[in-house]
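Asker:
Chains as they are written, first to last, in the numbering used here: chain A, 281 to 503; chain B, 1439 to 1821.
1) Would you mind working out which of B:1464, B:1450, B:1455 sits nearest residue 1647 of chain B, comparing C-alpha positions?
2) Please state the DSSP three-state secondary structure of residue 1713 of chain B.
3) Give the range of the alpha helix (DSSP H) segment to which residue 1612 of chain B is assigned.
4) Which runs of the alpha helix (DSSP H) spanning at least 4 residues fall entirely within the region 1557-1621 of chain B, listed in chain order?
5) If you draw a straight line from the C-alpha of residue 1669 of chain B to the C-alpha of residue 1452 of chain B, how long is it?
6) According to the Cβ coordinates, are residue 1514 of chain B and residue 1499 of chain B closer than 8 Å?
7) Give the straight-line distance between the Cα atoms of residue 1727 of chain B and residue 1690 of chain B, rounded to the nearest whole angstrom.
8) Helix, strand or coil: how does DSSP classify residue 1626 of chain B here?
9) Which of the three DSSP states is assigned to residue 409 of chain A in this structure?
10) Please classify residue 393 of chain A: does DSSP put it in a helix, a strand, or coil?
11) What do you reckon, are the CB atoms on residue 1519 of chain B and residue 395 of chain A nearer than 8 Å?
12) List the DSSP bridge partners of residue 1796 of chain B.
13) CB-CB under 7 Å to residue 1632 of chain B, same chain, minus the five flanking residues each way: which ones, in chain order?
14) Could you give the DSSP three-state label for residue 1539 of chain B: helix, strand or coil?
15) Which residue from B:1489, B:1497, B:1565 puts its Cα closest to that of residue 1472 of chain B?
16) Which two residues bound the contiguous beta strand (DSSP E) that contains residue 452 of chain A?
17) Does DSSP put residue 1651 of chain B in a helix, in a strand, or in coil?
18) Do you know how far the Cα of residue 451 of chain A is from the Cα of residue 292 of chain A?
19) Would you kindly report the start and end of the unbroken alpha helix (DSSP H) that includes residue 1661 of chain B?
20) Mind pulling the chain A residues with CB within less than 8 Å of residue 1716 of chain B?
21) Return the CA-CA distance between residue 1476 of chain B and residue 1793 of chain B, expressed in angstroms with no decimal places.
22) Taking 8 Å as the threshold (beta carbon to beta carbon), is residue 317 of chain A in contact with chain B?
23) Could you tell me whether the Cβ atoms of residue 1713 of chain B and residue 1774 of chain B are closer together than 8 Å?
24) Spell out a yes or no on whether the region 1569-1578 of chain B and the region 386-402 of chain A are touching, meaning 3 or more CB-CB pairs, one atom from each, closer than 8 Å.
25) Alpha helix (DSSP H) containing residue 297 of chain A: first to last residue?
26) If you measure from the beta carbon of residue 1564 of chain B to each beta carbon in chain A, is any gap under 8 Å?
27) Out of curiosity, what's the CA-to-CA distance linking residue 493 of chain A and residue 357 of chain A?
28) Below 8 Å between beta carbons: does that hold for residue 1589 of chain B and residue 414 of chain A?
29) Tell me which residue opens and which closes the beta strand (DSSP E) that residue 1808 of chain B is part of.
30) Determine whether the Cβ of residue 1692 of chain B lies closer than 8 Å to any Cβ atom of chain A.
31) Residues of the region 398-410 of chain A with a CB closer than 8 Å to any CB of chain B: list them in chain order, please.
32) Within the same chain, show all residues whose beta-carbon is closer than 6 Å to that of residue 330 of chain A, passing over the 5 residues directly before and after it, in chain order.
33) Counting only the same chain and skipping the five closest in sequence on each side, list residues whose C-beta sits under 8 Å from that of residue 1561 of chain B.
34) Based on DSSP bridge pairs, tell me the residues matched to residue 1815 of chain B.
35) Under 6 Å Cβ to Cβ from residue 1638 of chain B, same chain only, skipping five residues before and after it: list those, please.
36) Leaving out the 5 sequence neighbours to the left and right, which residues in its chain are closer than 8 Å to residue 1678 of chain B when beta-carbon positions are compared?
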């Protein structure tokens, strides 16, 4: 049985986690790295905006699920990501920069973020996640596909833990899903897969989804 | 999987129809014959100015209208779908595998200074493909760098074997644009002339473009509807190196993990594998990483390995599907295609990769491997 064990999220002014019922205001997004990552993040300054938000949300989600990590200690968890805008901002930044060079030399460090899977790649490297990694998006960027793929990989392919979520340039949410093989993780589940899918199906934006998960978690605790 | 053996799947996904448009022209036969005749389609590119870029060569499709009304990939897909002999099942789910999709439309918008580029619809491609195919499903983009197509095939197979879909259309496409070409040039990843996978003198990849589709459904449904089975997708393994954004692992651990997962998923042994359709880009480190993985997994002796990227370039998000379809043809023909442009086989590929076609001697299954930026690895097992 697949369930959601941890959820981390961040927007332009706050970050938090669902199981820990945490909501914290912040001022400087780049400074958060010293608080949210449990080991130094190499090359963090060169990340594009989507990668920054995604990596923060994944760090918060792993902590919320009680999963320790280190880049040198790899684990079989996978990452499935989605969003509504793909990598549009990075595409524009890269191509405009290339045009400004007189169409002579593009910059490789901008080009690598012109794949929608690249922010997931940055997370896999920092958190040492060796499971499947892919980006899947329906029109509108609903979380539904990401949850479905992650859940199938747990139920059918036997992966113990998968992360699924969405990241944009100014907000992100990531959820830790686990099956029977991942049940040794600390703490209770936030909700079942069916409940998570119902939240995703509501078609709400990331802020709405966060509120729905917070409400589900409170319900579970008060029951 | 890490905690126990997965029982063999009751529902087995099979490919019942497929086609491709490559630089050889439309159709699988054209591509198959071109590869067997050792004809490389990599040649001088005249689509945009390459004077300041690392190479001026690529494998491109003639007759496409760059910066026209339709994107390059939609022009390719229209040609492909017009060749379909049978209508697609209306209930098919749609997966569109690509790395950059309709990026030429964004290029055009920026170059012409027309409209607000931030309003560009980056997720419009699946809807267009769905409308052209006449499907109810609005489609999902699958993007996993250069492993996009094989990841989409694995996802389709997972949907069918898990019972969440009965029939899935996978469409894979990518095109050669200035955006992409300049990017690979900036990474110094291009061979100045034509890529030479597994060759001692290899010095980079050559870009290519293609579109392909595969209709995947359960074996039971294919049998019920009297459809020809092109190949079975018997297993799949996906992994990530968790190591570097653009460089492959120096230990090949991610690819080895994907290979092991795929064999486990197919419930088959190493002896069942007849040949390997490699990612084989022609870059120094990719080919080295792959051969290290194959030598580790098949420690008892060589298994024939080939790459089609010297023939039709690296078609990025389409590569995995074009390679899957060619591998399916190779299983039927009991013939391992030659690696085009391979002349002086590198030491670590000696006895594994060949410039000439080979007879497939043992086993009835093939591996199709892909690897991409972010350390993504995919392996499919075909029967």
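Glycine included, every Cβ here is placed at the ideal spot set by N, Cα and C.
Answerer: With the structure as the only source:
1) Position 209 of the second chain, counted from the start, is the residue given in the question as residue 1647 of chain B. For residue 1647 of chain B, the nearest C-alpha among the options comes from B:1464.
2) Translated into positions along the second chain, residue 1713 of chain B becomes position 275. In the three-state DSSP reduction, residue 1713 of chain B falls in the strand class (E or B).
3) Position 174 of the second chain, counted from the start, is the residue given in the question as residue 1612 of chain B. That residue, residue 1612 of chain B, is in no alpha helix (DSSP H); its beta strand (DSSP E) goes 1605-1612.
4) Here the runs fully enclosed are 1563-1571, 1586-1600.
5) Position 231 of the second chain, counting from 1, holds the residue named residue 1669 of chain B. Position 14 of the second chain, counting from 1, holds the residue named residue 1452 of chain B. Rounded to the nearest angstrom, the two C-alpha atoms are 6 Å apart.
6) Numbered from its first residue, the second chain carries residue 1514 of chain B at position 76. Numbered from its first residue, the second chain carries residue 1499 of chain B at position 61. For residue 1514 of chain B and residue 1499 of chain B, yes; Cβs fall inside 8 Å.
7) If you number the second chain from 1, residue 1727 of chain B lands on position 289. If you number the second chain from 1, residue 1690 of chain B lands on position 252. One alpha carbon belongs to residue 1727 of chain B, the other to residue 1690 of chain B, and they sit about 5 Å apart.
8) What you label residue 1626 of chain B is simply residue 188 of the second chain in a count that begins at 1. Of the three classes helix, strand and coil, the one that applies to residue 1626 of chain B here is coil, per DSSP.
9) Against the first chain, residue 409 of chain A aligns to sequence position 129. Residue 409 of chain A falls in the strand class under three-state DSSP.
10) For the purposes of this step, residue 393 of chain A is taken as the residue at position 113 of the first chain. Annotated three-state conformation of residue 393 of chain A is coil, per DSSP.
11) For this step, residue 1519 of chain B is matched to residue 81 along the second chain. For this step, residue 395 of chain A is matched to residue 115 along the first chain. The criterion of a C-beta distance shorter than 8 Å is not satisfied by residue 1519 of chain B and residue 395 of chain A.
12) The residue labelled residue 1796 of chain B in the question sits at position 358 within the second chain. As computed with DSSP, residue 1796 of chain B is found in a beta bridge with B:1774.
13) Walking along the second chain from the start, residue 1632 of chain B turns up at place 194. Within the same chain, residue 1632 of chain B has close Cβ partners 1478, 1480, 1495, 1644, 1748, 1779.
14) On the second chain, position 101 is the one that residue 1539 of chain B refers to. The answer is coil: DSSP assigns residue 1539 of chain B none of H, G, I, E or B.
15) Start at 1 with the first residue of the second chain, and residue 1472 of chain B comes out as number 34. Nearest C-alpha to residue 1472 of chain B: B:1497.
16) Numbered from 1 along the first chain, position 172 holds the residue referred to as residue 452 of chain A. Element bounds for residue 452 of chain A: 452-458.
17) Residue 1651 of chain B sits at position 213 when you count from the first residue of the second chain. Of the three classes helix, strand and coil, the one that applies to residue 1651 of chain B here is strand, per DSSP.
18) Here the question's residue 292 of chain A lines up with position 12 in the first chain. Here the question's residue 451 of chain A lines up with position 171 in the first chain. Roughly 7 Å between the two C-alpha positions.
19) Counted from its first residue, the second chain places residue 1661 of chain B at position 223. Its alpha helix (DSSP H) spans residues 1657-1662.
20) Here residue 1716 of chain B corresponds to residue number 278 of the second chain, with the count starting at 1. The contact set of residue 1716 of chain B on chain A, defined by CB atoms closer than 8 Å, is empty, because the minimum CB distance reaches about 20 Å.
21) The count along the second chain starts at 1 and reaches residue 1476 of chain B at position 38. The count along the second chain starts at 1 and reaches residue 1793 of chain B at position 355. The alpha-carbon atoms of residue 1476 of chain B and residue 1793 of chain B are separated by roughly 9 Å.
22) Position 37 of the first chain, counted from the start, is the residue given in the question as residue 317 of chain A. Among the residues facing chain B, residue 317 of chain A is not included, as its CB has no counterpart in that chain under 8 Å away.
23) Here the question's residue 1713 of chain B lines up with position 275 in the second chain. Here the question's residue 1774 of chain B lines up with position 336 in the second chain. Contact: yes.
24) Counting Cβ pairs under 8 Å, fewer than three are found: no touch.
25) Here the question's residue 297 of chain A lines up with position 17 in the first chain. Here residue 297 of chain A belongs to no alpha helix (DSSP H); instead the beta strand (DSSP E) covers 294-297.
26) Taking the first residue of the second chain as position 1, residue 1564 of chain B is located at position 126. For residue 1564 of chain B, the answer is yes, since a Cβ of chain A falls inside 8 Å of its Cβ.
27) In the first chain, counting from the first residue as 1, residue 493 of chain A sits at position 213. In the first chain, counting from the first residue as 1, residue 357 of chain A sits at position 77. The alpha-carbon atoms of residue 493 of chain A and residue 357 of chain A are separated by roughly 22 Å.
28) On the second chain, position 151 is the one that residue 1589 of chain B refers to. On the first chain, position 134 is the one that residue 414 of chain A refers to. Yes, these two residues count as a Cβ contact at 8 Å.
29) Position 370 of the second chain, counting from 1, holds the residue named residue 1808 of chain B. For residue 1808 of chain B, the enclosing beta strand (DSSP E) has its first and last residue at 1803-1810.
30) Locating residue 1692 of chain B in the second chain gives position 254, counting from the first residue. Yes - at least one Cβ of chain A is within 8 Å of the one on residue 1692 of chain B.
31) Along the region 398-410 of chain A, the positions whose C-beta sits under 8 Å from a C-beta of chain B are 398, 400, 401, 402, 404, 405, 407, 408, 409, 410, read in chain order.
32) Working through the first chain from its first residue, we reach residue 330 of chain A at position 50. Within the same chain, residue 330 of chain A has close Cβ partners 399, 447, 449.
33) Taking the first residue of the second chain as position 1, residue 1561 of chain B is located at position 123. Exclusion of the five residues before and after residue 1561 of chain B leaves 1579 as the residues of its chain whose Cβ lies within less than 8 Å of its Cβ.
34) Mapped onto the second chain, residue 1815 of chain B falls at position 377. Paired residue(s): B:1677, B:1809.
35) As a first step, residue 1638 of chain B must be located in the second chain, where it is residue number 200. Once the five neighbours on either side are set aside, the close Cβ partners of residue 1638 of chain B are 1782, 1784.
36) On the second chain, position 240 is the one that residue 1678 of chain B refers to. Annotation for residue 1678 of chain B: 1692, 1812, 1813, 1814, 1815 place their beta carbon closer than 8 Å to its own, counting only its chain and skipping 5 residues before and after.
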